[in-house]
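Asker: Protein chains in written order, with my numbering: chain A, 1155 to 1433; chain B, 87 to 270. Just passing along the structure, written as structure tokens.
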Amino acid sequence: MRIIKAEAITEAIAKLGVAMNYEIGADMRCAIAEALQREQSETGRDVLKQIQENSDIAAKGEVPYCQDTGTAVIFAEVGQDCHVDGNLEEAINAGVRKAYGDGFLRKSILADPLRRKNTGDNTPAVIHTFSVPGDRLKLTMGAKGGGSENMSRLAMLKPSDGEEGVKNFVVEAISAGGANACPPLVIGVGIGGNFEKAALLAKKAALRPPASVHPDPFYAAMEEELLGRLNKLGIGPMGMGGTVTVLGVNIEVFPCHLVALPVAVNVNCHADRHGEVVL
Amino acid sequence: MAEHKLTTPLTDEVVRKLRIGDKVLLSGVIYGARDAAHKRLVEAMDKGEKLPMSLDGAVIYYVGPSPPRPGKVIGAAGPTTAYRMDAYAPRLMEVGMRGMIAKGKRSDAVKDGMKKHGVAYFGATGGAGALINKCIKAAEVLAYEDLGPEALRRMEVEDFPLIVVGDSEGGDLYIEGRKRWETK
């Protein structure tokens, strides 16, 4: 049984949390550079250039990329043959506390959704823990912006709605809310499972790099088709009109009940901050 | 699409000339306020209390910055989504507000108010918190300090890069821009 110390988890999350909020990933930089080549609107290109300049300034480590430094979302895949010496959730939250304090990041988490008092340290993180084979601990983290999260949607479609129904639901969600979510966007789509599983799949998909492709050719083709349809909407960078609205569509699927067709759309802004570490 | 270098406070003449798609570099004093600060401003007006600042020709920036590093005036300071302030904005127009800086679509009530009172809506690039930080030369909490990132702030900006997304003729770039580029 491999032992992983709680302090190692805290340190890893603290480092990851600060890093992703200052230095946007190479996947996003690359996607924005490609978008600048494709964008036909002059205003759209101006916005994309500002986004690039913003990345360069933030990468110097003085000012975060975006003031909304997000909800810390962590997927913890715990190997069955490793043992966490301490409390996993507490260790993760200690890491988030350290990242948001030491990194001068904004504390956006309220202790209660209705009484709305700030916890002051951006905890608790939203943590999803899974047991997997092996003796490693894989932590995938996202610093998820609130504005784009607000444009996300979930529906329990009828099986008869089929593939077309799923695609139309995704297009309608972005058509209605895309402009408010800081495009160009990365779209995570969860199909199947049940009510809560669909949402979780969508989040997992939204944290994948925009250029990633589903291993099943059927869903890879659907990702490609949706990308094309969404970019025809004309929403453009920051919603001001243009030919690049979405940088990538990622789909995750799970088996589901015979009466059901759940679908969830999780929207990520161009400040798509995500990263992972394996301990 | 014209380009303008503007300084606050904004006059009626200046605002009425602006059209959607125009590029603006804005300098001068602006006020940072979002959800909770808007609520308090409108509550103060309802009670007939004096506001913490004059809104005559004022520009309000919907922003909740990240904390400043020691010796710095502010952290990342990009715009937040505007629709959450739609319920309050028309009231502030009545007492002289001439400009709003934010991102995203507005309600018809806000657009009607903009036509009636001669108000411009400027779009800043969402997520460009570090870039916009460089345009902010001074910032201080003016009121409602207990609201933390949501406190009312007075900021001095220099050449803040903006695009007119809503004008005093009812123009809306979120509608017109999309119409221009949408394909079937």
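Glycine included, every Cβ here is placed at the ideal spot set by N, Cα and C.
Below 8 Å between beta carbons: does that hold for Ala224/B and Val159/B?
Answerer: Result yes, Cβ atoms of Ala224/B and Val159/B sit closer than 8 Å.
Asker: For Val227/B, tell me which candidate among Gly185/B, Ile187/B, Asp194/B and Gly150/B has the shortest Cα-Cα distance.
Answerer: Here the closest residue by C-alpha is Gly150/B.
Asker: With a threshold of 8 Å between beta-carbons, can Glu180/B be considered close to chain A, or not?
Answerer: Output row for Glu180/B: interface = no.
Asker: Under DSSP, the beta strand (DSSP E) around Thr1294/A begins and ends at which residues?
Answerer: Thr1294/A -> beta strand (DSSP E) spans Leu1291 to Lys1298.
Asker: Give the list of continuous beta strand (DSSP E) stretches no shorter than 3 residues that lie fully inside the region 1336-1370 of chain A.
Answerer: The qualifying runs are 1339-1347.
Asker: Which residues in the same chain as Lys1358/A place their Cβ atom closer than 6 Å to its Cβ, once the five residues preceding and following it in sequence are excluded?
Answerer: Taken in chain order, the residues that qualify are Glu1406.
Asker: Compare the C-beta of Val149/B against all C-beta atoms of chain A and say whether one is closer than 8 Å.
Answerer: Answer yes: the Cβ-Cβ gap between Val149/B and chain A drops below 8 Å somewhere.
Asker: Closest to Glu1243/A by C-alpha separation, out of Ala1356/A, Thr1283/A and Arg1260/A, would be which residue?
Answerer: For the residues Ala1356/A, Thr1283/A and Arg1260/A, the minimum Cα distance to Glu1243/A belongs to Thr1283/A.
Asker: Chain A beta carbons: is any one of them nearer than 8 Å to that of Gly118/B?
Answerer: False, the Cβ-Cβ gap to chain A never drops below 8 Å.
Asker: State the start and end residues of the unbroken beta strand (DSSP E) segment that holds Thr1283/A.
Answerer: Unbroken beta strand (DSSP E) run through Thr1283/A: Val1280 to Val1286.
Asker: Going by DSSP in three states, Glu1177/A sits in which element: helix, strand or coil?
Answerer: In the structure shown, Glu1177/A sits in coil (DSSP, three-state: anything other than H, G, I, E or B).
Asker: Could you check if Val251/B is buried or exposed, using at least 16 other CB atoms within 10 Å of its CB as the buried criterion?
Answerer: By the 10 Å Cβ count, Val251/B comes out buried.
Asker: Among Pro1338/A, Asp1315/A and Asn1175/A, which one has its Cα closest to the Cα of Val1413/A?
Answerer: Considering only alpha carbons, the answer is Asp1315/A.
Asker: Less than 8 Å between the CB atoms is what I'm expecting for Ile1158/A and Cys1236/A, so what's the real figure, rounded?
Answerer: Confirmed, about 6 Å.
Asker: Quick one: residues in its chain with C-beta nearer than 6 Å to the C-beta of Gly66/B, no 5 flanking neighbours on either side, listed in chain order?
Answerer: No information on residue 66/B is available, as it lies outside the stretch 87 to 270 that chain B covers here.
Asker: To which residues does DSSP link Met139/B through a beta bridge?
Answerer: In the DSSP output, where bridge partners are listed per residue, Met139/B has none listed.
Asker: Measuring only the C-alpha atoms, how far is Ser152/B from Gly209/B?
Answerer: Going from the Cα of Ser152/B to the Cα of Gly209/B covers about 20 Å.
Asker: Assuming Ala195/B and Ala168/B are in contact, meaning their beta carbons sit under 8 Å apart, how far apart are those beta carbons, in whole angstroms?
Answerer: Contact flag wrong, Cβ pair sits at about 13 Å.
Asker: Taking 8 Å as the CB-CB limit, is Glu268/B close to chain A?
Answerer: True, the Cβ-Cβ gap to chain A drops below 8 Å.
Asker: For a test of the three-state rule: what should DSSP assign to Leu127/B, helix, strand or coil?
Answerer: DSSP places Leu127/B in helix when its eight states are reduced to three.
Asker: Would you tell me roughly how many angstroms separate the C-alpha atoms of Ile1389/A and Cys1410/A, rounded to the nearest one?
Answerer: Approximately 33 Å between the Cα atoms of the pair.
Asker: Using C-beta distances below 8 Å, list every residue in its chain close to Asp172/B, excluding the 5 sequence neighbours before and after it, in chain order.
Answerer: Within the same chain, Asp172/B has close Cβ partners Arg192, Ser193, Ala195 and Val196.
Asker: Is any beta-carbon of chain B found at less than 8 Å from that of Glu1177/A?
Answerer: No, Glu1177/A lies away from the interface with chain B (no Cβ there is under 8 Å from its Cβ).
Asker: Excluding the five sequence neighbours on either side, which residues of its own chain have a C-beta within less than 6 Å of the C-beta of Arg274/B, listed in chain order?
Answerer: Here chain B has residues from 87 to 270 only, and residue 274/B is not among them.
Asker: Of all Cβ atoms in chain B, is any one closer than 8 Å to the Cβ of Phe1258/A?
Answerer: Yes - at least one Cβ of chain B is within 8 Å of the one on Phe1258/A.
Asker: From Phe1349/A, Ile1345/A, Gly1171/A and Phe1372/A, pick the residue whose C-alpha is nearest to that of Ala1360/A; which is it?
Answerer: Nearest option by C-alpha distance: Ile1345/A.
Asker: So the alpha helix (DSSP H) Phe1323/A belongs to, where does it begin and stop?
Answerer: It spans Gly1316 to Gly1331 - the alpha helix (DSSP H) in which Phe1323/A sits, taken as one unbroken run.
Asker: Look at Ala1436/A and Asn1272/A and say whether their C-beta atoms are less than 8 Å apart.
Answerer: There is simply no residue 1436/A to check, as chain A begins at 1155 and stops at 1433 in what is shown.
Asker: Just confirm the distance between the C-beta atoms of Pro1218/A and Gly161/B, as a whole number of angstroms; I'd bet it's less than 8 Å.
Answerer: About 7 Å; that satisfies the 8 Å criterion.
Asker: Report yes or no: do three or more beta-carbon pairs, one from the region 1201-1219 of chain A and one from the region 1277-1294 of chain A, lie closer than 8 Å?
Answerer: Taking 8 Å as the limit for Cβ pairs, the verdict is that the region 1277-1294 of chain A does not touch the region 1201-1219 of chain A.
Asker: So, is Gly1382/A buried or exposed, given that buried needs 16 or more other C-beta atoms within 10 angstroms?
Answerer: So Gly1382/A counts as exposed.
Asker: Which residue wins for smallest C-alpha separation from Val1431/A, given the options Val1417/A, Met1174/A and Ala1356/A?
Answerer: The residue with the shortest Cα to Cα distance from Val1431/A is Met1174/A.
Asker: What does Ala251/B reach in chain A if we use C-beta pairs closer than 9 Å?
Answerer: It should be pointed out that residue 251/B corresponds to Val in this sequence rather than to Ala. Simply Met1392, Gly1393 and Met1394.
Asker: Which of the three DSSP states, helix, strand or coil, is assigned to Ile1186/A?
Answerer: Three-state result, Ile1186/A: helix.
Asker: Given Ala1265/A, which residues of its chain have a CB within under 8 Å of its CB, disregarding the five upstream and five downstream residues?
Answerer: Same-chain partners within the cutoff: Lys1271, Asn1272 and Thr1273.
Asker: Residue range of the alpha helix (DSSP H) that Gly1198/A falls in?
Answerer: It spans Glu1196 to Ala1213 - the alpha helix (DSSP H) in which Gly1198/A sits, taken as one unbroken run.
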